[in-house]
Amino acid sequence: MLSRFMMTRHVPLVVLLPTLLALGCKGGLFADDTGQGAYADEDEDGFQGIDGDCDDQDPSVFPGAAELAGDGVDNNCDGLDGSADSLQDEAVFTLTGEELRPSLGSQVAVVRDMDGDGHAELVMTQQLVGLENSAEELTEQVVIVPGPLDTTTTLEDAVRWSSESISFHNIADGGDMNGDGLSELIIAAPGYTEPETNAGRVWVLAGGATPRPGLYSLETLSDTITHDKSFGSIGTALSGGGDLNGDGRSDLLLTSPSQLLATPTTGLVLGFEGPITGAITTDDATFGLSGVDPGDLMGEAIAWAGDMNGDGHDDMLVSAPASGEAGVGQVWLVYGPLSGALTVSDADASLVGDAQTAFSFGSSLTAAGDTDGDGVDDVLISSQFYAADGERAGRSWLFLGGLSGAYSVTDAEATFLALGPGDWLGAATLSAGDINDDGLSDVLLSAPQQVYWGGDHLPRVSLFYGPFSGELTAEHADRVWSSAVNTDMAGVSMAVGGDLTGDGAADLAISAPRHPVDGRPVGRVYGVTLE
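Remember, my numbering sits 578 above the position in the sequence shown when you count from 1.
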């Protein structure tokens, strides 16, 4: 769990005279057409100007109303407009992609101290490197920027890794897999074409001395996991840092998802105990969880779930977004310790979406920590294309620990709602640790916006303090960071997990892979401090 830090909010300095509250915001005692002035209740919200209703034309604005973060309106008449913090202004570091290296930050990860200097490392993917030059240079790089970072840090300080595969890469903090006190970086290329077409390959980049800035080949790394099945796509989803067997070392979960091929396949989750040394194959996994329905996309997302039943072992979540009638989707929970061969029928709990989840239930899975103080961990499950609040609006659900049996989204303790179509709420979700030092875990949710699907809000990342219950929207957020660029998809990936800047506080990395420079989507990654 992250260290506990006190949150401070940056808000405009507003001097509000009590006498002006009595006059309302309309300019005088008789500024309405009723002749009753401040004693009128024109919008019939139960508050008059004399009561402090600062906009008697809007029934959603009155003293005590919920403040909608980021709407620029003083909803509760306290003199503050609820504006979100500017991502651009609040950033403690900013890294921007280059013309021939676009889409910086398609994925981001924070790895806790790979080189032993006490600072976390920032890891990003950068897609389609050199596409404009030649087809031979069509690839993707994994970019590592060692900490500490600040406003002077640039990509010239980066260590870059690339592979022969043109596949996009997935990245994750592997935790300390070999017991040396340093974290490992996991890099997966699910479309890697050797030994079979789209079989996939995974590399473990062990912690140690950081190479000099430059470009290196992943093929030179000796610690690898390979798959011998065509279209096995090992590493489509991955999760590190959990413990399969309770030995105190970090272990690794990988998926080989079900495929919608001419003959659909079933999905597979594989667990590998640390340390991983030398070249191994999927046959060396010590844990396996198989799907049962071909083509259900089982394995599209996976996550360590923390300890949800209080037995001291780490548990696991895996999703199948196309499972069930009309693709309502399903998520399975398996309690640790994890070993041997199981099927999803052996899962300890299952959760299903509804008719609005649009083949995306479980698109994001997150161990939320203990949000209610009962001593066991809780989980966040998202459907980024959820349609009830508008096309591709998105929705996220928080389920409390102790699950056993079958559940649906109606059983969630709390539901996070989108602001409207195109929000993509829940595209990325994270546990923030205990930011406000109240003993409860807090959560982060992004809404990167997709204007092509009707999104008319700015991309944002919202921080919510636990505990949670009922339906929550952006108006309930305790802090919001908003991008000034409505097409940059800020928040489509984000990561937290350590001190990137050296100030002792945890930092949040937020990617905006479509950030434009001279009309080109070169991408940008921001860092903000969680305090």
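Just so it is clear, CB atoms sit at the ideal spot from N, CA and C, and this is done for glycine as well.
In this chain, aspartate 1056 is not harboured by any beta strand (DSSP E), its DSSP state being neither H nor E. Taking each of Gly852, Ala787, Thr833 in turn and checking the Cα distance to aspartate 801, the smallest one comes out for Gly852. Residue nearest to serine 901 within the set Thr844, Gly951, Met894, Asn1064 is Thr844 (criterion: CA-CA distance). A distance below 7 Å between beta-carbons, with the five flanking residues on each side excluded, links valine 954 to the following residues of its chain, in chain order: Asp885, Met886, Asn887, Gly888, Asp948, Gly979, Gly980. DSSP places serine 740 within a strand segment (E or B) once states are collapsed to three. For leucine 929, the enclosing beta strand (DSSP E) stretches over residues 927 to 930. The residues Val721, Ile722, Val723, Pro791, in chain order, have a CB closer than 8 Å to that of alanine 736 in the same chain once the five nearest residues on each side in sequence are set aside.
For the set Val930, Gly907, Gly918, Ala945, the Cα lying nearest the Cα of serine 938 is the one of Gly907. Between phenylalanine 850 and glycine 983, the alpha-carbon positions lie close to 27 Å from each other. The DSSP-derived three-state label of valine 987 is helix. Here the alpha carbons of phenylalanine 640 and leucine 997 stand approximately 20 Å from one another. The continuous stretches of alpha helix (DSSP H) do not include leucine 839, and DSSP gives it neither H nor E. For the options Asp728, Gln1027, Val688, the alpha carbon positioned closest to that of isoleucine 765 is the one of Val688. Less than 8 Å separates the beta-carbon of proline 726 from that of glycine 1080.
For glycine 1004, the three-state secondary structure derived from DSSP is coil. With a contact defined as Cβ atoms closer than 8 Å, arginine 973 and threonine 988 miss out at about 12 Å. Shown here for aspartate 695: same chain residues with a beta carbon closer than 8 Å to its own, the five before and five after excluded, namely Pro724, Gly725 in chain order.
Here threonine 944 is not near leucine 929, since their CB atoms are 8 Å or more apart. Per DSSP, the continuous beta strand (DSSP E) segment holding glutamate 762 begins and ends at 762 to 767. Bounds of any alpha helix (DSSP H) do not take in glutamine 685; it lies within the beta strand (DSSP E) bounded by 682 to 689.
Taking C-beta atoms under 8 Å as the contact rule, glycine 813 and glycine 778 qualify, at a distance of about 5 Å. With respect to the 8 Å criterion, serine 761 and glycine 785 are classified as neighbours on the basis of their beta carbons. With respect to proline 1037, serine 681 sits apart: the two C-beta atoms are not nearer than 8 Å. Looking at the backbone, the Cα of aspartate 825 and that of threonine 1065 are separated by about 46 Å. Per DSSP, leucine 665 lies in no beta strand (DSSP E) segment; the continuous alpha helix (DSSP H) that holds it begins and ends at 665 to 668.
With a cutoff of 8 Å on beta-carbon distance, glycine 818 and alanine 767 are scored as not near each other.
Distance from the CA of phenylalanine 963 to the CA of leucine 1086, rounded to the nearest whole angstrom, comes to 24 Å.
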